[in-house]
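Q: Okay, handing you the structure first.
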Amino acid sequence: MKRVLVIDDTKNIRILLSTCLELRGYEVITADNGIEALNIINNVNENIDLIFLDIRMPGISGTEVLKNIKFNCHVVIMTAFATVKNAIECT
Numbered sequence: 003m004k005r006v007l008v009i010d011d012t013k014n015i016r017i018l019l020s021t022c023l024e025l026r027g028y029e030v031i032t033a034d035n036g037i038e039a040l041n042i043i044n045n046v047n048e049n050i051d052l053i054f055l056d057i058r059m060p061g062i063s064g065t066e067v068l069k070n071i072k073f074n075c076h077v078v079i080m081t082a083f084a085t086v087k088n089a090i091e092c093t
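Encoded structure:
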């Protein structure tokens, strides 16, 4: 079973994505902030197939989380604050 990590500080976004993905047969893990996300990433390591990552979160930003992913994994960047600066930082 494919494992997906959803990282977003907005509870409704986490619930919506989790529900949609679980209905399609994915195992979903959620985190509501960057610190929790990094703990999950470090514990499950390469057993994550896809990450949905919010850029703007309290504490550690999604950009910082992205920089700390040490294995090859697809990442979907999500934000309500799309800017050229955010796009450049995430590449």
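Counted the way my numbering counts, the sequence shown spans residues 3 to 93. Every residue, glycine too, gets a C-beta built ideally from N, C-alpha and C.
Could you check if Ile43 is buried or exposed, using at least 16 other CB atoms within 10 Å of its CB as the buried criterion?
A: Stepping through the sequence shown from its first residue, residue 43 is reached at position 41. Label assigned to Ile43: buried.
Q: Could you name the residues that DSSP lists as bridge partners for Val30?
A: Locating residue 30 in the sequence shown gives position 28, counting from the first residue. Val6.
Q: Mapping DSSP to helix, strand and coil, what is Ile43?
A: What you label residue 43 is simply residue 41 of the sequence shown in a count that begins at 1. DSSP places Ile43 in helix when its eight states are reduced to three.
Q: Check each candidate in Arg16, Phe54, Ile17 and name the one with the smallest Cα separation from Ile71.
A: Taking the sequence shown and counting its residues from 1, the one referred to as residue 71 is at position 69. Residue Phe54 is the option with its Cα nearest to Ile71.
Q: Consult DSSP for Ile71 and reduce its assignment to one of helix, strand or coil.
A: Position 69 of the sequence shown, counted from the first residue, corresponds to residue 71. Three-state DSSP puts Ile71 in coil, outside helix and strand.
Q: Examine the Cβ distances between the segment 5-16 and the segment 25-35 and report whether three or more of them are shorter than 8 Å.
A: Yes: the two stretches touch, three or more of their Cβ pairs being nearer than 8 Å.
Q: Out of Val46, Asp56, Val67, state which residue places its alpha-carbon closest to the alpha-carbon of Ile15.
A: Translated into positions along the sequence shown, residue 15 becomes position 13. Measuring from the Cα of Ile15, the nearest candidate turns out to be Asp56.
Q: According to DSSP, is Ile79 helix, strand or coil?
A: Translated into the one-based positions of the sequence shown, residue 79 becomes position 77. Here Ile79 sits in strand by DSSP.
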